[in-house]
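Novice: For the sequence shown, the numbering used here begins at 590 and goes up steadily by one.
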Amino acid sequence: MKMQNDVVPPSSQALAASFVTITEEEAGQRIDNYLLRVCKGVPKSHIYRILRSGEVRVNKGRIDQLYRLEAGDLVRIPPIRIAEKTHTAPVPGAEFRIVHEDSHLLVIDKPAGVAVHGGSGVSYGVIEQLRAARPDAKFLELVHRLDRETSGLLLLAKKRSALTNLHEQMRDGHTDKRYLAAVAGDWTNKRQHVKLPLHKFSTPDGERRVVVQAGGMESHTIFNLLRKWQNFALLEAELKTGRTHQIRVHLASSGFPILGDEKYGDFALNKQLQKADASRGALRRMFLHAYKITFTHPETGKPMTLQAPLPAECDRFLLSLGQAMN
């Protein structure tokens, strides 16, 4: 993003209009999404108001919120006064275990208990920490999300072209995401399709929840039985759609809650597992791990399959169960 006439960036408290020239990396995104990103701290309602009023111009002409930016576009951003935040703690930079990195992609193995981004009571997440650790990175965006309690493979794009390409692959069903989940119950089928419509809502305190409900979003998960014990099973979950909490709700609604799931699981069993001795099957996290993903590299066009091994605490729990049943 190139600034003209030494004006102050739009995220400041300046009272002068700023003019920015869109680069190749910024091209392709909608003007509303662009403004929401660069005008940090400005309410969404204000962004859409200045778009509707025509105060935002592209190449001196009026545009609507659906306009997609092109390289070389000159964008006028009107004066925006932003209330100064007080006592804002800086985001601590952090790196995570890297599974793959090149000029277009960064793939990490996210630990359980870490949010992918700030919000909903969380000050910051993986994306903010990575940006803080890599101040020279020109572009770094999440390709998809993982629940805070879920560990495993998380894709980030280092170029806008890579982000757009990977989003298209996911939308068209050309990516293959696999998870490992340990569940309670007597699972019998080697391979089972679960197609249950999911409805997302928020509780009065703002927590996201999902229920199986007629008229909800079409959702499809395939479960493959990997190992089985008397009271537990290890499953591979193959996502055919990517709804919020899909695997967790599909399993819980089928009578096989994921071990350690504090939202949809067996709460009494979870407490037992938390209190157990390490050698007798202690589990103090949700047993859901994004272990494998296959996609086409956005630059080379070559297929890629990446894997992340089970975290140590999950491995120890499986070992504590002893010999699996046939």
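Idealized CB from N, CA, C, for every residue including glycine.
For T739, count neighbouring C-beta atoms within 10 Å of its own C-beta (all shown protein chains included) and say buried if the count is 16 or more, exposed if not.
Specialist: Taking the sequence shown and counting its residues from 1, the one referred to as residue 739 is at position 150. Under this definition T739 is a buried residue.
Novice: Looking at the unbroken alpha helix (DSSP H) that takes in Y637, where does it start and where does it end?
Specialist: As a first step, residue 637 is located in the sequence shown; it is residue number 48 there, counting from the start. First-last of the alpha helix (DSSP H) with Y637: K633 to R641.
Novice: Can you find at least 3 beta carbon pairs, one from the region 820-830 and one from the region 774-787, that sit closer than 8 Å?
Specialist: Touching, per the Cβ criterion.
Novice: With DSSP as the reference, label Q896 as helix, strand or coil.
Specialist: Translated into positions along the sequence shown, residue 896 becomes position 307. Looking at Q896 - three-state DSSP - the assignment turns out to be strand.
Novice: Let me know the alpha helix (DSSP H) ranges lying completely inside the region 724-807, each 4 residues or longer, listed in chain order.
Specialist: Runs of the alpha helix (DSSP H) inside the region 724-807: 749-760.
Novice: Is H839 helix, strand or coil when you go by DSSP?
Specialist: If you number the sequence shown from 1, residue 839 lands on position 250. Here H839 sits in helix by DSSP.
Novice: Where DSSP assigns a beta bridge to E659, which residues make up the other side?
Specialist: Reading the sequence shown from its first residue, position 70 is the one you call residue 659. Looking at the DSSP assignment, E659 forms no beta bridge with any residue, so it has no partner.
Novice: Measure the C-alpha to C-alpha separation of T753 and R723 and round it to an integer number of angstroms.
Specialist: By 1-based counting over the sequence shown, the position of residue 753 is 164. By 1-based counting over the sequence shown, the position of residue 723 is 134. Straight-line Cα distance between these residues: approximately 22 Å.
Novice: Go to V688, then tell me how far its alpha helix (DSSP H) extends in each direction, as first and last residue.
Specialist: Indexing the sequence shown from 1 puts residue 688 at position 99. Note, V688: premise wrong, no alpha helix (DSSP H); beta strand (DSSP E) at R686 to E690.
Novice: In three-state DSSP terms, what is E888?
Specialist: Here residue 888 is taken as the residue at index 299 of the sequence shown, counted from 1. E888 falls in the coil class under three-state DSSP.
Novice: Pick out whichever of D725, A726 and L731 has its Cα sitting closest to the Cα of G714.
Specialist: Along the sequence shown, one-based indexing puts residue 714 at 125. Per the Cα distances, L731.
Novice: What's the call for T764, buried or exposed, on a 16-neighbour Cβ count within 10 Å?
Specialist: The sequence position of residue 764 within the sequence shown is 175, counting from 1. Under this definition T764 is a buried residue.
Novice: Can we say the region 873-888 touches the region 785-804, given the rule of at least three CB pairs closer than 8 Å?
Specialist: No contact exists between the region 873-888 and the region 785-804.
Novice: Grouping DSSP H, G and I as helix and E and B as strand, with all else coil, what is D855?
Specialist: On the sequence shown, position 266 is the one that residue 855 refers to. D855 falls in the coil class under three-state DSSP.
Novice: Could you spell out where the beta strand (DSSP E) holding F845 opens and where it closes?
Specialist: On the sequence shown, position 256 is the one that residue 845 refers to. Run containing F845: none; DSSP gives neither H nor E here.
Novice: According to DSSP, what are the bridge partners of I811?
Specialist: On the sequence shown, residue 811 is found 222 positions in, with the first residue counted as 1. I811 is bridged to H782 and E827.
Novice: Mind checking whether R832 and L769 have CB atoms under 8 Å apart?
Specialist: Working through the sequence shown from its first residue, we reach residue 832 at position 243. Working through the sequence shown from its first residue, we reach residue 769 at position 180. Not a contact, by the Cβ cut-off of 8 Å.
Novice: Could you spell out the range, first to last residue, of the beta strand (DSSP E) harbouring V680?
Specialist: Start at 1 with the first residue of the sequence shown, and residue 680 comes out as number 91. Run containing V680: none; DSSP gives neither H nor E here.
Novice: Tell me which same chain residues have a C-beta within less than 7 Å of the C-beta of R646, skipping the five on either side of it?
Specialist: One-based indexing of the sequence shown puts residue 646 at position 57. R665, listed in sequence order.
Novice: Helix, strand or coil for Y713 per DSSP?
Specialist: Along the sequence shown, read from residue 1 onward, the residue named residue 713 stands at position 124. Note: Y713 maps to coil in three-state DSSP.
Novice: In chain order, what residues of the same chain have a beta carbon less than 6 Å from the beta carbon of D850, not counting five sequence neighbours either side?
Specialist: Reading the sequence shown from its first residue, position 261 is the one you call residue 850. Closer than 6 Å at the Cβ level, and outside the excluded window around D850, lie R837 and M875.
Novice: List the residues that DSSP assigns as beta-bridge partners of S909.
Specialist: Mapped onto the sequence shown, residue 909 falls at position 320. Answer is none; S909 lacks a bridge partner.
Novice: If you draw a straight line from the alpha carbon of N859 to that of R873, how long is it in whole angstroms?
Specialist: Start at 1 with the first residue of the sequence shown, and residue 859 comes out as number 270. Start at 1 with the first residue of the sequence shown, and residue 873 comes out as number 284. Their Cα atoms are separated by approximately 8 Å.
Novice: Please state if the CB of A606 and the CB of P700 are separated by a distance shorter than 8 Å.
Specialist: Taking the first residue of the sequence shown as position 1, residue 700 is located at position 111. Taking the first residue of the sequence shown as position 1, residue 606 is located at position 17. Against a cut-off of 8 Å, the Cβ pair of A606 and P700 comes out as no contact.
Novice: L658 and E615 look like a contact to me (Cβ under 8 Å); what is the Cβ gap, rounded to whole Å?
Specialist: Taking the sequence shown and counting its residues from 1, one reaches residue 658 at position 69. Taking the sequence shown and counting its residues from 1, one reaches residue 615 at position 26. Indeed they touch by this definition, with Cβ atoms about 6 Å apart.
Novice: Check the DSSP bridge columns for K699 and list the partner residues they point to.
Specialist: Taking the sequence shown and counting its residues from 1, one reaches residue 699 at position 110. Paired residues: G741.
Novice: Buried or exposed, going by whether 16 or more other CB atoms sit within 10 Å of the CB of G650?
Specialist: By 1-based counting over the sequence shown, the position of residue 650 is 61. Classification of G650: exposed, given that the 10 Å Cβ count is below 16.
Novice: For V772 and F685, I'd like the C-alpha separation in whole angstroms.
Specialist: Along the sequence shown, read from residue 1 onward, the residue named residue 772 stands at position 183. Along the sequence shown, read from residue 1 onward, the residue named residue 685 stands at position 96. Whole-angstrom Cα-Cα distance: 27 Å.
Novice: For the beta strand (DSSP E) holding V609, just list the boundary residues, first then last.
Specialist: Start at 1 with the first residue of the sequence shown, and residue 609 comes out as number 20. S607 to T610 is the span of the beta strand (DSSP E), which, as asked, contains V609.
Novice: On the three-state DSSP scale, how would you describe L625?
Specialist: Within the sequence shown, numbered from 1, the residue matching residue 625 stands at position 36. DSSP places L625 in helix when its eight states are reduced to three.
Novice: Using the beta-carbon count (16 or more within 10 Å), is A841 buried or exposed?
Specialist: As a position in the sequence shown, residue 841 is number 252, starting the count at 1. Buried, by the Cβ-count rule.
Novice: Can you tell me whether G854 is buried or exposed, with buried defined as 16 or more other CB within 10 angstroms of its CB?
Specialist: Here residue 854 refers to the residue found at position 265 of the sequence shown. So G854 ends up on the buried side.
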